[in-house]
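Scroll down for the structure; my scribbles are underneath it.
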Amino acid sequence: MSIDTDTAARVAKLARIRVEDDQLPALAQEFSNILDFIEQLNEVDVEGVEPMVSVTPMRLKRRQDGVTDGNQQDKILSNAPDAREGFFAVPKVVE
Amino acid sequence: MTDLTKMKVAEARDALRAGDMTSVELTEACLGAIDAADALGAFVHKTPEIAMEQARAADARIKGGEAPSLCGIPMGIKDLFCTRGVPSQAASRILEGFRPEYESTVTGKLFDAGAVMLGKLNMDEFAMGSSNETSCYGNAVNPWRRGNDDTALTPGGSSGGSAAAVAADLCLAATGTDTGGSIRQPAAFTGITGIKPTYGRCSRWGIVAFASSLDQAGPMTKDVRDAAILLQAMCGHDPKDSTSAELAVPDFEAMLTGDIRGKTIGIPREYHMDGMPDEIEALWARGRDMLADAGARIVDISLPHTRYALPTYYVIAPAEASSNLARYDGVRYGHRARLSQGEGINDMYEKTRAEGFGAEVQRRVMVGTYVLSAGFYDAYYNRARKVRTLIKKDFEDAFAAGVDAILTPATPSAAFGLGEMQDADPVQMYLNDVFTVTVNLAGLPGVSVPAGLDKQGLPLGLQLIGRPWEEGDLLNTAYALERAAGFVEKPAKWW
Numbered sequence: 014m015s016i017d018t019d020t021a022a023r024v025a026k027l028a029r030i031r032v033e034d035d036q037l038p039a040l041a042q043e044f045s046n047i048l049d050f051i052e053q054l055n056e057v058d059v060e061g062v063e064p065m066v067s068v069t070p071m072r073l074k075r076r077q078d079g080v081t082d083g084n085q086q087d088k089i090l091s092n093a094p095d096a097r098e099g100f101f102a103v104p105k106v107v108e
Numbered sequence: 002m003t004d005l006t007k008m009k010v011a012e013a014r015d016a017l018r019a020g021d022m023t024s025v026e027l028t029e030a031c032l033g034a035i036d037a038a039d040a041l042g043a044f045v046h047k048t049p050e051i052a053m054e055q056a057r058a059a060d061a062r063i064k065g066g067e068a069p070s071l072c073g074i075p076m077g078i079k080d081l082f083c084t085r086g087v088p089s090q091a092a093s094r095i096l097e098g099f100r101p102e103y104e105s106t107v108t109g110k111l112f113d114a115g116a117v118m119l120g121k122l123n124m125d126e127f128a129m130g131s132s133n134e135t136s137c138y139g140n141a142v143n144p145w146r147r148g149n150d151d152t153a154l155t156p157g158g159s160s161g162g163s164a165a166a167v168a169a170d171l172c173l174a175a176t177g178t179d180t181g182g183s184i185r186q187p188a189a190f191t192g193i194t195g196i197k198p199t200y201g202r203c204s205r206w207g208i209v210a211f212a213s214s215l216d217q218a219g220p221m222t223k224d225v226r227d228a229a230i231l232l233q234a235m236c237g238h239d240p241k242d243s244t245s246a247e248l249a250v251p252d253f254e255a256m257l258t259g260d261i262r263g264k265t266i267g268i269p270r271e272y273h274m275d276g277m278p279d280e281i282e283a284l285w286a287r288g289r290d291m292l293a294d295a296g297a298r299i300v301d302i303s304l305p306h307t308r309y310a311l312p313t314y315y316v317i318a319p320a321e322a323s324s325n326l327a328r329y330d331g332v333r334y335g336h337r338a339r340l341s342q343g344e345g346i347n348d349m350y351e352k353t354r355a356e357g358f359g360a361e362v363q364r365r366v367m368v369g370t371y372v373l374s375a376g377f378y379d380a381y382y383n384r385a386r387k388v389r390t391l392i393k394k395d396f397e398d399a400f401a402a403g404v405d406a407i408l409t410p411a412t413p414s415a416a417f418g419l420g421e422m423q424d425a426d427p428v429q430m431y432l433n434d435v436f437t438v439t440v441n442l443a444g445l446p447g448v449s450v451p452a453g454l455d456k457q458g459l460p461l462g463l464q465l466i467g468r469p470w471e472e473g474d475l476l477n478t479a480y481a482l483e484r485a486a487g488f489v490e491k492p493a494k495w496w
């Protein structure tokens with residue numbers, strides 16, 4: 014399948030990765046090559062086959078929906094690029 | 002003293018317990034070897050203070066008569082594992098400066114068992130790569146060379162630093178992780194042993210996630226016995242990982258008898274690839290003979306969906322990566338791009354991720370975004386999950402027919418030159434994992450054992466694939482293969 018530059022730009026936008034316009038044709042070409050490779054899967058007869066949800070047959074464990082830790086604001090914020098007054102700081106989101 | 006670094010884990014354990022040396026002596030020897038080996042690019046964050054403190058504590062523990070298996074053993078830790086207070090950045094710019102406030106379950110278990118951390122090891126960025134060339138730290142270099150040719154070769158990837166460090170005797174053992182072959186391919190490229198256990202054996206908690214349904218941690222060691230010792234310490238149920246198996250961990254080392262009489266070994270015909278070098282075919286045939294001579298029954302088997310494993314992987318792994326890596330947004334940790342006047346939160350996300358992720362990671366995140374996007378989810382992602390079911394069934398059928406383990410080559414070639422694949426299509430690089438990726442898709446244990454040298458003097462490995470949860474039996478077959486292959490070669494020191 015051939016990917017055009019508009020599609021490449023749309024995917025970059027969805028992935029929240031800035032791609033400059035002059036890079037889009039090369040990116041679209043790379044996508045096309047990878048998708049060509051992936052499209053070999055169309056040869057496989059998957060009629061009636063269940064899509065895998067878990068590689069080992071196991072029931073996911075359940076636990077009490079309760080508070081198990083907390084009171085570690087300083088640790089939570091210790092790696093933040095911008096933390097102020099006990100909060101993560103980000104550019105204005107709501108006008 | 003430098004010879005101490007050449008010791009295996011089992012030898013060092015016995016010497017420490019006997020009081021023939023101390024962990025401080027052993028750790029100092031490793032730290033010296035590491036400082037003399039910067040040319041290998043293996044250790045990217047050295048932690049000598051932590052190492053010496055842990056070594057002294059281990060010596061005290063041994064003196065007190067309480068010495069677990071890894072007490073005082075100096076190891077390297079792949080940069081993908083979160084280690085408290087120590088940089089853990091998955092070889093990515095986007096996690097620059099990140100120092101976790103917590104310890105991964107696997108490294109925590111190793112340290113509880115007395116292991117000594119020498120530092121963090123190089124890898125491909127977010128474990129995406131097969132040559133360690135996508136690392137933000139620069140390349141890790143294979144200690145092996147082609148005869149007298151001084152071309153720098155890849156140690157493989159993504160656990161390239163781990164492989165180079167163990168092969169060059171900078172540490173006694175290392176941790177790795179394997180999503181599509183990232184323990185077994187670099188082990189094969191550097192003449193060491195590496196095992197990826199069954200999915201669910203090792204807790205993934207605290208290991209930076211790449212593709213959660215495929216990722217598993219495992220040891221990279223100088224021989225099979227050491228792999229058994231380390232794996233034992235790394236495995237076990239962890240309530241913090243909901244896919245971690247609630248199963249008892251057997252004594253893997255005690256299962257190494259070398260007796261494989263009556264075992265059935267399958268040889269899958271689909272692993273004879275077009276264009277595979279004769280030397281790989283010959284090595285595989287020798288491995289088959291070795292196991293037959295050891296008393297195993299050899300049968301030809303078919304795993305009909307093998308050729309679809311790589312395309313399946315290159316849907317599922319990027320899809321999961323695009324979800325997992327969404328957390329790197331410049332808000333809570335790691336890199337944040339500088340913003341210009343008037344730029345908002347979306348600019349922050351987009352610029353941060355463009356600056357922080359390397360080219361291969363960006364490519365995979367975007368491919369994953371595409372295959373999960375509205376209109377393509379069924380055509381790509383769901384179809385790949387169905388083919389994955391069929392790939393797993395191929396193995397189930399072989400095991401149901403009585404096969405105990407499957408023998409294959411570990412890689413389609415020996416180590417290649419750094420930069421040699423630079424101009425190749427990304428798909429060409431992906432072919433490195435052609436023999437290993439099926440094992441991740443089926444959630445099975447797989448081990449790579451060094452089995453010989455090629456004409457250029459480079460190591461080649463064979464892979465054994467086992468039944469789920471039967472790592473002990475698999476390691477025993479690997480042990481028999483190791484003894485028959487008698488691989489003892491080491492790289493000539495040039496660094």
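Going down the list, the protein sequences come from chains S and P.
Those letters in the first sequence? Residues 14 to 108, by this note's numbering.
Those letters in the second sequence? Residues 2 to 496, by this note's numbering.
From the three backbone atoms N, C-alpha and C, an ideal C-beta is built for every residue, glycine too.
Chain-ordered neighbours of P:S1 on chain S, where CB pairs are closer than 8 angstroms: Only positions 2 to 496 of chain P appear in the structure, and residue 1 of chain P is not among them; the question remains open.
Taking just the CA atoms, how far does P:S159 sit from P:G219? Here the question's residue 219 of chain P lines up with position 218 in the second sequence. Here the question's residue 159 of chain P lines up with position 158 in the second sequence. Straight-line Cα distance between these residues: approximately 13 angstroms.
Restricting to Cα atoms, I'd like to know which of P:P492, P:E471, P:A452 and P:W495 is closest to P:A481. As a first step, residue 481 of chain P is located in the second sequence; it is residue number 480 there, counting from the start. Residue P:A452 is the option with its Cα nearest to P:A481.
Assign S:G99 to buried or exposed, taking buried as 16 or more other Cβ atoms, counted over all protein chains shown, within 10 Å of its Cβ. Within the first sequence, numbered from 1, the residue matching residue 99 of chain S stands at position 86. Classification of S:G99: exposed, given that the 10 Å Cβ count is below 16.
Starting from P:M118, follow the beta strand (DSSP E) in both directions and report where the run begins and ends. The sequence position of residue 118 of chain P within the second sequence is 117, counting from 1. Run containing P:M118: V117 to L122, per the beta strand (DSSP E) assignment.
Taking the beta strand (DSSP E) that P:P49 belongs to, which residues open and close that run? The count along the second sequence starts at 1 and reaches residue 49 of chain P at position 48. First-last for P:P49: P49 to K64, but that is the alpha helix (DSSP H), not the beta strand (DSSP E).
For S:P94, which residues does DSSP report across the bridge? Position 81 of the first sequence holds residue 94 of chain S. Looking at the DSSP assignment, S:P94 forms no beta bridge with any residue, so it has no partner.
Secondary structure of S:I89, DSSP reduced to three states: Start at 1 with the first residue of the first sequence, and residue 89 of chain S comes out as number 76. In this structure, S:I89 counts as helix in the three-state DSSP scheme.
Can you tell me where the alpha helix (DSSP H) with P:T353 in it begins and where it stops? By one-based count along the second sequence, residue 353 of chain P stands at place 352. Looking at the DSSP string, the run of the alpha helix (DSSP H) that includes P:T353 is I346 to G357.
In angstroms with no decimal places, state the Cα-to-Cα distance between P:A59 and P:Y200. Within the second sequence, numbered from 1, the residue matching residue 59 of chain P stands at position 58. Within the second sequence, numbered from 1, the residue matching residue 200 of chain P stands at position 199. Approximately 31 angstroms, taken between the alpha carbons.
Of all the options P:A40, P:D39 and P:P75, which has the alpha carbon lying nearest to the alpha carbon of P:E50? Start at 1 with the first residue of the second sequence, and residue 50 of chain P comes out as number 49. Checked all of P:A40, P:D39 and P:P75; the closest Cα to P:E50 is P:P75.
With a CB to CB cut of under 6 angstroms and the five nearest residues on each side skipped, what residues in its chain are close to P:W496? What you label residue 496 of chain P is simply residue 495 of the second sequence in a count that begins at 1. So the qualifying residues of the chain are A38, A40 and L41.
Are the C-beta atoms of S:S15 and some chain P residue less than 8 angstroms apart? Residue 15 of chain S sits at position 2 when you count from the first residue of the first sequence. Judged by the 8 angstroms Cβ criterion, S:S15 is not in contact with chain P.
Burial state of P:H336 (16 or more Cβ within 10 Å): One-based indexing of the second sequence puts residue 336 of chain P at position 335. By the neighbour-count rule (16 or more Cβ atoms within 10 Å), P:H336 is buried.
What residue range does the beta strand (DSSP E) around P:L461 cover? Your numbering for residue 461 of chain P matches position 460 in the second sequence. Residues P460 to G467.
At 8 angstroms on the CB atoms, spell out the chain P contacts of S:A93, in chain order. Your numbering for residue 93 of chain S matches position 80 in the first sequence. Per Cβ cutoff of 8 angstroms: V332, R333 and Y334.
Are the stretch 113–121 of chain P and the stretch 60–75 of chain P touching, with three or more C-beta to C-beta distances below 8 angstroms? With contact defined as three or more Cβ pairs closer than 8 angstroms, the stretch 113–121 of chain P and the stretch 60–75 of chain P are in contact.
Mind checking whether P:R365 and P:M124 have CB atoms under 8 angstroms apart? In the second sequence, counting from the first residue as 1, residue 365 of chain P sits at position 364. In the second sequence, counting from the first residue as 1, residue 124 of chain P sits at position 123. The answer is no: Cβ separation not under 8 angstroms.
Can you give me, in chain order, the residues of the stretch 205–224 of chain P that have a beta carbon less than 9 angstroms from any beta carbon in chain S? S214 and L215
Chain P within 8 angstroms of S:R29, Cβ atoms only: The residue labelled residue 29 of chain S in the question sits at position 16 within the first sequence. Yes, S:R29 lies at the interface with chain P (some Cβ there is under 8 angstroms from its Cβ).
Using a Cβ-based criterion (distance less than 7 angstroms to any ligand heavy atom), does P:V332 qualify as near the ligand GDP? Because no ligand of any kind appears in the structure shown, any question about the ligand GDP cannot be addressed here.
If you compare alpha carbons, which of P:S89, P:T108 and P:K241 is closest to S:D82? Here the question's residue 82 of chain S lines up with position 69 in the first sequence. Closest option to S:D82, Cα to Cα, is P:K241.
Of the listed residues P:G458, P:A479, P:K394 and P:A401, nearest to S:P64 (C-alpha basis): Position 51 of the first sequence holds residue 64 of chain S. Just measuring C-alpha positions, the residue of P:G458, P:A479, P:K394 and P:A401 sitting nearest S:P64 is P:K394.
List the residues that DSSP assigns as beta-bridge partners of P:A174. For the purposes of this step, residue 174 of chain P is identified with residue 173 of the second sequence, where counting begins at 1. P:A174 is bridged to P:M76 and P:T222.
Let me see if you follow: with CB-CB separation under 8 angstroms, is S:K88 close to chain P or not? Residue mapping note: residue 88 of chain S aligns to position 75 of the first sequence, counting from 1. Yes, contact with chain P.
Amino acids of chain P, ordered along the chain, whose beta-carbon sits closer than 7 angstroms to that of S:V62: Residue mapping note: residue 62 of chain S aligns to position 49 of the first sequence, counting from 1. The answer, in chain order, is K387, T390 and L391.
Rounded to the nearest angstrom, how far is the Cβ of P:E126 from that of P:A153, given a contact under 8 angstroms? Residue numbering aside, residue 126 of chain P sits at position 125 when the second sequence is read from its first letter. Residue numbering aside, residue 153 of chain P sits at position 152 when the second sequence is read from its first letter. The pair is not a contact, with the Cβ atoms about 19 angstroms apart (cut-off 8 angstroms).
Between which two residues does the alpha helix (DSSP H) carrying S:K26 extend? Taking the first sequence and counting its residues from 1, the one referred to as residue 26 of chain S is at position 13. First-last of the alpha helix (DSSP H) with S:K26: T18 to L27.
Rounded straight-line distance, which links the Cα of P:V142 to that of P:I299: The sequence position of residue 299 of chain P within the second sequence is 298, counting from 1. The sequence position of residue 142 of chain P within the second sequence is 141, counting from 1. About 37 angstroms.
Which of the three DSSP states is assigned to P:R289 in this structure? Taking the second sequence and counting its residues from 1, the one referred to as residue 289 of chain P is at position 288. In this structure, P:R289 counts as helix in the three-state DSSP scheme.
Note down the Cα distance separating P:M430 from P:G195, rounded to an integer number of angstroms. As a first step, residue 430 of chain P is located in the second sequence; it is residue number 429 there, counting from the start. As a first step, residue 195 of chain P is located in the second sequence; it is residue number 194 there, counting from the start. In a straight line, the C-alpha of P:M430 is about 21 angstroms away from that of P:G195.
Name, please, each residue of chain P whose Cβ falls closer than 8 angstroms to the Cβ of S:Q53. What you label residue 53 of chain S is simply residue 40 of the first sequence in a count that begins at 1. Per Cβ cutoff of 8 angstroms: R308, Y309 and P312.
Helix, strand or coil at P:T265 [DSSP, three-state]: Within the second sequence, residue 265 of chain P is the residue found at index 264, counting from 1. Residue state, collapsed to three classes: strand.
What does the alpha-carbon distance come out to for the pair P:E321 and P:R147? Position 320 of the second sequence, counting from 1, holds the residue named residue 321 of chain P. Position 146 of the second sequence, counting from 1, holds the residue named residue 147 of chain P. For P:E321 and P:R147, the distance between alpha carbons rounds to 38 angstroms.
At the 8 angstroms Cβ level, is P:V489 part of the contact set with chain S, yes or no? Against the second sequence, residue 489 of chain P aligns to sequence position 488. So, not an interface residue.
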